[in-house]
Every structure is written in C-alpha cells, then in structure tokens.
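> So the sequences go chain by chain: A and B.
If you count by the working numbering, then the first sequence holds residues 173 to 482, one letter each, in order.
If you count by the working numbering, then the second sequence holds residues 3 to 272, one letter each, in order.
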Amino acid sequence: MGMYIIRRMLLAVPLLWAISLLTFILINLSPMDPAVVVLQAQGVPSITDELIERTQQQLGLDQPFLVRYLNWMLDCLQLDFGNSYITGQSVWALIGPAFLNTLRLTLVSAVSIIAVSVLLGVLCALQAGRVLDKSVRTLAFILTAIPSYGLAALLVWYFSVRLDLLPTSGMDSYRSYILPVLIITISYAGLYFRNVRSSMLSNMNKDYVLYGRASGLPERVITMHILRNSLQVAISIFCMAIPIILGSTVVVENVFAWPGLGSLSIRAILSRDFPVIQAYVLILAVSFVIFNAISDMINAAMNPKLRNGL
Amino acid sequence: MNILEVNHLNIHDIHIGEPIVKDISFDLQQGQCLAIVGESGSGKSVTCRSIMKLNPSSLQQSGSIVFQGIDLNTLTDQQMRKRRGKQIGMIMQNGMSAFDPSCVIGTHLRETLGQHYGWNRSKIDERMHIAMHSVMLNHPDRLMNRYPHELSGGMLQRIMIALTLVLEPDILIADEPTTALDMLSQQEVMAQFIRLRHTLGCSMIFISHDLGAVRHIADHILIMKDGKVIERGETEQLFTAPRQEYTRDLLSARFALDNHFRQLMERKEG
Numbered sequence: 173m174g175m176y177i178i179r180r181m182l183l184a185v186p187l188l189w190a191i192s193l194l195t196f197i198l199i200n201l202s203p204m205d206p207a208v209v210v211l212q213a214q215g216v217p218s219i220t221d222e223l224i225e226r227t228q229q230q231l232g233l234d235q236p237f238l239v240r241y242l243n244w245m246l247d248c249l250q251l252d253f254g255n256s257y258i259t260g261q262s263v264w265a266l267i268g269p270a271f272l273n274t275l276r277l278t279l280v281s282a283v284s285i286i287a288v289s290v291l292l293g294v295l296c297a298l299q300a301g302r303v304l305d306k307s308v309r310t311l312a313f314i315l316t317a318i319p320s321y322g323l324a325a326l327l328v329w330y331f332s333v334r335l336d337l338l339p340t341s342g343m344d345s346y347r348s349y350i351l352p353v354l355i356i357t358i359s360y361a362g363l364y365f366r367n368v369r370s371s372m373l374s375n376m377n378k379d380y381v382l383y384g385r386a387s388g389l390p391e392r393v394i395t396m397h398i399l400r401n402s403l404q405v406a407i408s409i410f411c412m413a414i415p416i417i418l419g420s421t422v423v424v425e426n427v428f429a430w431p432g433l434g435s436l437s438i439r440a441i442l443s444r445d446f447p448v449i450q451a452y453v454l455i456l457a458v459s460f461v462i463f464n465a466i467s468d469m470i471n472a473a474m475n476p477k478l479r480n481g482l
Numbered sequence: 003m004n005i006l007e008v009n010h011l012n013i014h015d016i017h018i019g020e021p022i023v024k025d026i027s028f029d030l031q032q033g034q035c036l037a038i039v040g041e042s043g044s045g046k047s048v049t050c051r052s053i054m055k056l057n058p059s060s061l062q063q064s065g066s067i068v069f070q071g072i073d074l075n076t077l078t079d080q081q082m083r084k085r086r087g088k089q090i091g092m093i094m095q096n097g098m099s100a101f102d103p104s105c106v107i108g109t110h111l112r113e114t115l116g117q118h119y120g121w122n123r124s125k126i127d128e129r130m131h132i133a134m135h136s137v138m139l140n141h142p143d144r145l146m147n148r149y150p151h152e153l154s155g156g157m158l159q160r161i162m163i164a165l166t167l168v169l170e171p172d173i174l175i176a177d178e179p180t181t182a183l184d185m186l187s188q189q190e191v192m193a194q195f196i197r198l199r200h201t202l203g204c205s206m207i208f209i210s211h212d213l214g215a216v217r218h219i220a221d222h223i224l225i226m227k228d229g230k231v232i233e234r235g236e237t238e239q240l241f242t243a244p245r246q247e248y249t250r251d252l253l254s255a256r257f258a259l260d261n262h263f264r265q266l267m268e269r270k271e272g
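#1: Distance cutoff 8 angstroms, beta carbons only. Does Asn401 of chain A sit that close to anything in chain B?
#2: Cβ of Pro476 of chain A less than 8 angstroms from any chain B Cβ?
#3: Distance check for Ser59 of chain B and Ser359 of chain A, CA to CA, integer angstroms please.
#4: For the putative contact between Ile53 of chain B and Ile38 of chain B, defined by C-beta atoms under 8 angstroms, what is the C-beta separation to the nearest angstrom?
#5: Using a 10 Å radius around the Cβ and a threshold of 16 neighbouring Cβ atoms, would you call Lys88 of chain B buried or exposed?
#6: Return the CA-CA distance between Leu111 of chain B and Ser370 of chain A, expressed in angstroms with no decimal places.
#7: Assuming Gln229 of chain A is part of the alpha helix (DSSP H), what are its boundary residues?
#8: Alpha carbons only, please: which of A:Val423, A:Ser437, A:Glu391, A:Leu304 is nearest the one belonging to Ile267 of chain A?
#9: Starting from Lys125 of chain B, trace the alpha helix (DSSP H) both ways and give me its first and last residue.
#10: List the endpoints of the continuous alpha helix (DSSP H) containing Val424 of chain A.
#11: Within 10 angstroms of its Cβ, does Asn401 of chain A collect 16 or more other Cβ (buried), or is it exposed?
#12: Counting pairs of beta carbons, one from the stretch 377 to 389 of chain A and one from the stretch 436 to 454 of chain A, are three or more of them closer than 8 angstroms?
#13: Which value, in whole angstroms, describes the spacing of the CA atoms of Asn475 of chain A and His151 of chain B?
#14: Name the two residues that bound the continuous alpha helix (DSSP H) containing Val294 of chain A.
#15: Rounded to whole angstroms, what is the Cα-Cα separation between Met206 of chain B and Leu174 of chain B?
#16: Using a Cβ cut-off of 8 angstroms (strictly closer), state whether Ala386 of chain A contacts chain B.
#17: Do Val191 of chain B and Ala164 of chain B have their C-beta atoms within less than 8 angstroms of each other?
#18: Do you know offhand how far Asp247 of chain A's Cα is from Phe253 of chain A's?
#19: Would you grab the beta carbon distance between Val328 of chain A and Leu351 of chain A for me? Rounded to a whole angstrom, and I think it's under 8 angstroms.
#20: If we ignore side chains and look at the alpha-carbon of each, how far apart do Ser124 of chain B and Leu115 of chain B end up?
#21: Let me confirm a value: Val48 of chain B is counted as buried when at least 16 other C-beta atoms fall within 10 Å, else exposed. Which label applies?
#22: Going by CA-CA distance only, name the one from A:Leu399, A:Gln230, A:Pro203 that's closest to Leu211 of chain A.
#23: What is the C-beta distance between Ala215 of chain B and Cys35 of chain B, in whole angstroms, given that I count them as a contact (C-beta under 8 angstroms)?
#24: In whole angstroms, give me the CA-to-CA distance for Asn243 of chain A and Arg180 of chain A.
#25: Pair every Cβ in the stretch 440 to 449 of chain A with every Cβ in the stretch 175 to 190 of chain A, then say whether three or more of these pairs are closer than 8 angstroms.
#26: Hey, out of B:Glu178, B:Leu224, B:Glu20, whose CA is closest to Arg234 of chain B's CA?
#27: Is Pro217 of chain A buried or exposed, if buried means 16 or more other CB atoms sit within 10 Å of its CB?
#28: Apply the 10 Å Cβ neighbour rule to Asp344 of chain A and answer buried if 16 or more other Cβ atoms are within range, or exposed otherwise.
#29: Give the single residue among A:Asp379, A:Leu292, A:Ala317 whose Cα lies nearest to the Cα of Asp305 of chain A.
#30: Report all residues from its chain with a CB closer than 8 angstroms to the CB of Tyr248 of chain B; omit the five preceding and five following residues, and keep chain order.
#31: Do Pro447 of chain A and Tyr241 of chain A have their C-beta atoms within less than 8 angstroms of each other?
#32: So, at 8 angstroms on beta carbons, what are the nonlocal neighbours of Met3 of chain B in its own chain, with the 5 sequence-adjacent residues on each side left out?
#33: Excluding sequence positions up to five away, which residues of its chain have a Cβ less than 6 angstroms from the Cβ of Gln404 of chain A?
#34: Using alpha carbons as the reference points, say which of B:Arg160, B:Thr78, B:Gln117, B:Gly65 lies closest to Asp25 of chain B.
#35: Could you tell me whether the Cβ atoms of Ile107 of chain B and Thr166 of chain B are closer together than 8 angstroms?
#36: Spell out the partners DSSP gives Ile91 of chain B in its beta bridges.
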C-alpha cells in the first residue's frame, strides 16, 4: 500500500506540470494586452504606445514566452502568484483567505453530502421498491430539479425573513453555514444517493452475500460487507465532488454574500485581472488532481485488486 | 430415519407470474447422499435454496420442509439463521465469487465460526488450520490473509469444504461445486467431498449436471426437468435401467461425449 501511495503521487507530478502550462497558455491567448489592463486600472487618461511598452517592461512581458512561463511557474511553487493588475495587492493575499472561506464551506457541505447520501442510499436500497424508497426518490428528483438560486431564495425567505431564525448572508457564526450547506447538500446529495443505492442493490445480488447468509451470518454483518463494496464507487464520486463544489459555489456565494473564491473569481474575470484568474484556475485544477489522487488511494485501500494496477 | 422431508414444494416467481418448481416431494435419510440432476433452469438450485429459505422475496414458496422433525416454515428469521451454516451447510458453485472481494479469506471464516461457536480468534485459527491441512491446503496462516482473487477456484472450493468440516452440519447442500473448475481441480474437490461425507457422516444434497461425478458420490438421484421431478431412483438402477426418455438422453449424451473424447485421444496417441 505504501508503494501504491508513492507511485500514485509521482503520477500526479507530470499532470500538475501539464496543468500549469495549459493555464499559462490559455491566459496568454487572451486578445487583451495585460499592460493596457493595468494602465486602465490606474486611470491613465491617454494610453500611448510608449507607455504600454514601459509597462510591459515593468511587468516582464517583453521577455520570451518560455522565460515568462518558467519565472511564473517557479514563483507559483513558492505560492507567489504575482500582484493583482487592478489593486496592486499580492494575489495570494487576495485569494488565500477567499480560498479558505470557500474550502470551509465546501468541506462542511461535503461531510453533509456524504452523510445524507450514504444514509438515504442505504435506506432506499434496503427498502427498494417500497413506499419509503419511492417517496425519497421522488422528493429528491423534485428538489434537485429546482435551480439552487431559486431554492436559496425560497429558504432565505422562509427561515431568515419569516421565521427570523438564520442570518440572510455573511459568514459570522456556525449559523451562517446552515442555509448554504443545506442548499449545496440538496443539489448534490439528491444525485449521489442514487449511486449509493444502485451500487448497494447490485452488490446485494452477489454470490458472497448468498454465501454469507448460507453461512448463518447476521444481516447486520452482511449489510456491512455490502456497504464496504458499494462505497468504492461512491468514494470516487464523493472525492471528485469536493473540487466540483469548490469551483461551483459561485451561485450560493453570491446569494449569501459569502466572501469566497466564487465571488472573487467573478470580479477578476470581469475586470480581466489575469494574475488572479491564473491563480484561481491553477488552484482549482490542483485541487482536482489532489482529490482524484486521494480518491484513488482510498479505493486502493478498500479494494486490494486495484493496488497492483498502477 | 428421515432427516429432511420436502412435501409438495411449489415455487412461484411473482415477477414473471410463472411457477418455477412444481409440486416436488422428496426425502433424505440420515447419512444419505441425494443428487439432483438436470439441465440449467430446471429448478435444481432454487429447490435447494428454498430448503435454506434463501430465495429472493420475489420467489414465493409453498409446501412443507421438515428438518429433524421441525417444519422450517414455522421458524422465525432468527431461528432459521442459527440453523444456516451450522446445521444446514452450503458449498457454492463458484468459489471465486463466494467471498467478499474486499476482505481477506480469514474474515469470512472468523465471522462465521465466531457467530456459531463464539470462539476467540486464536481458537478459530487453530481449528481452521487443522481443517485446511486435512483438505490438502498448505500454509493455512498465509491463506487466511489472502484475498479471494489471489487464490484459485479449486483452493477456494476446498476452503469452503474446510469451513464445513469445522461447522459439522447435519445436511450439506453442494450447488454444482465442480462446474466452475478445470478437470484436475474437479477430481481433487470430488475426492474431498467423498472424504467429507465419510468424516462427518452428514447427509448431502449434491446438485450437478455432471452424471460422472454424481455416480461416484450419490446413493439416490432425482432427475429434474422444467421444475418437475421426472425420475428418481437408486444411482446404479438409474444408470443401468433408466425409465424416462429424458434420462436416457442425458446418459447417452454423457456417454457419447465420453466416447467422442476417447476416440479423439486414441487418434492422437495412434
């Protein structure tokens, strides 16, 4: 297992390098000259060619592409993503706290999503075809069909405005988490519990379940075996859900004025703040790679057949 | 004395709305081996699983199954569970899929024996080691820590037999235990079954479509077709003087195959 972890981590290195190159190329393909963006942000009244050239020199944009890429990558490795073109602040100072805020929201949501999905999935599988299973699936279908901003507005109106139980926005105390986490949980758990359910159902028909019963094992023990095998599929999905939520909290963050990555990235994109956008894309891509590796490692720990596959 | 009596067993599939097993009755005497032979889909496995009450809920069964004087239909789930494994044992067709693929073999063995005997780990391991040696499995402690995919079908089949040796059931149901194995493993496993019968003196229901295997081990044979018993009798009598056309076909198919194989071998040698 130790060897597997090392090999899996080594495999992530070229992937991370490719991501950094791709991010850099994509941003450089933008038709907008960064020097012009900086000058506009500084409120320079007339932008002359001479001025642009001087700014390019200051930003190091006159150097060849590969040199710029290498400099940028080496800086990134030290968590130095440059300065924002708009505010002049260091990108890390801008993105760091926002990333932590979004990460907090994401992790709390992920725990809630996993708990709800596993619970509902197991319950529905054990009751497959009965009233409980059918009603949970119908309700989940309706809830996931409602767009999250609609659901958010509805819940804010009821819990915060009418009942005055929860804050409408901000990130003040644990109570601020309840509504955003609830909305993210509903939109993801409503989909993921189906994976747990169908995976449980397909495992229930396996021979090892029959032999377990024929050996006189209690249902409790057999259910644990089924769960152990069913969760392998679910774990990959859960681990990949974390970076997906990280990158898609934009809507929820905007509704609840959550000071996170979502709101920051929208602002950066609208004002063409290239260093911030670059850092944002890079951080999300890296978290995808990291969580993918974690999911592979958990799966290998649970499924011995996978360990020799790498 | 009859250890098991199956009377007017009917099994109905409520999904497709058709009967699968139609009015089957048979009994099994203490120490006797009964073979149930028939083609795929004739209802052999479903019949045997109904004895252990292990069919899915979509299969409804009626009729009585009397084991040691007790009608199994009157037992609660809990009472039935205690009899499974300990009093009515089962050997599966495919050893490769019979164990949880994400746990080592020892897990199933320890859970099962812990459940029935309440032994601690070292006692279980000690008893399993003896049983595994007796079915010609070397290095039991190493095998206990192996995953199912790391072992061969024949080894897993013998591990199931070893577990049965420790559990000492009154009846053992073997559901086509040699079908998924190659010729050499088949012979080894059959030899273990014959030894197991002698060691435990238990009654046995042996499901198979391999008439050659059945002839070595069974005292009585039931021939099933389309959910019905079409012929029954003592093994030798059935082999020498089959009454039904279908049984004759089964036998001649078997001998034709044998002859064909022998001719091929002779030609190859010649």
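Ideal Cβ placement from N, Cα and C applies to all residues, glycine included.
Here the structure is a predicted model, which is why all the values come from computation and not from measurement.
In short:
#1: yes
#2: yes
#3: 34 angstroms
#4: Wrong, their Cβ atoms sit about 11 angstroms apart, outside the cutoff.
#5: buried
#6: 28 angstroms
#7: 221 to 231
#8: A:Ser437
#9: Here the alpha helix (DSSP H) through Lys125 of chain B covers 123 to 136.
#10: 422 to 427
#11: Note on Asn401 of chain A: 16 or more other CB atoms within 10 angstroms of its CB, so buried under the neighbour-count rule.
#12: With a cut-off of 8 angstroms, the stretch 436 to 454 of chain A and the stretch 377 to 389 of chain A do not count as touching, because too few Cβ pairs lie within range.
#13: For Asn475 of chain A and His151 of chain B, the distance between alpha carbons rounds to 11 angstroms.
#14: Counting along the chain, the alpha helix (DSSP H) containing Val294 of chain A begins and ends at 263 to 298.
#15: 5 angstroms
#16: yes
#17: no
#18: 6 angstroms
#19: Between Leu351 of chain A and Val328 of chain A the Cβ distance is about 6 angstroms, and since that is below 8 angstroms, they are a contact.
#20: 12 angstroms
#21: A residue is called buried once 16 or more other Cβ atoms fall within 10 Å of its Cβ, and Val48 of chain B is buried on that count.
#22: A:Gln230
#23: The Cβ separation is near 12 angstroms, so there is no contact.
#24: 28 angstroms
#25: No contact exists between the stretch 440 to 449 of chain A and the stretch 175 to 190 of chain A.
#26: B:Leu224
#27: exposed
#28: Asp344 of chain A is exposed by the Cβ-count criterion.
#29: A:Leu292
#30: Ile225, Lys227, Ile232, Glu233
#31: no
#32: Contacts found: Gln31, Gln32.
#33: Asn471, Met474, Asn475
#34: B:Gly65
#35: no
#36: The residue asked about is misnamed: residue 91 of chain B is Gly in this sequence, not Ile. For Gly91 of chain B, which the question treats as bridged, DSSP gives the partners B:Leu174.
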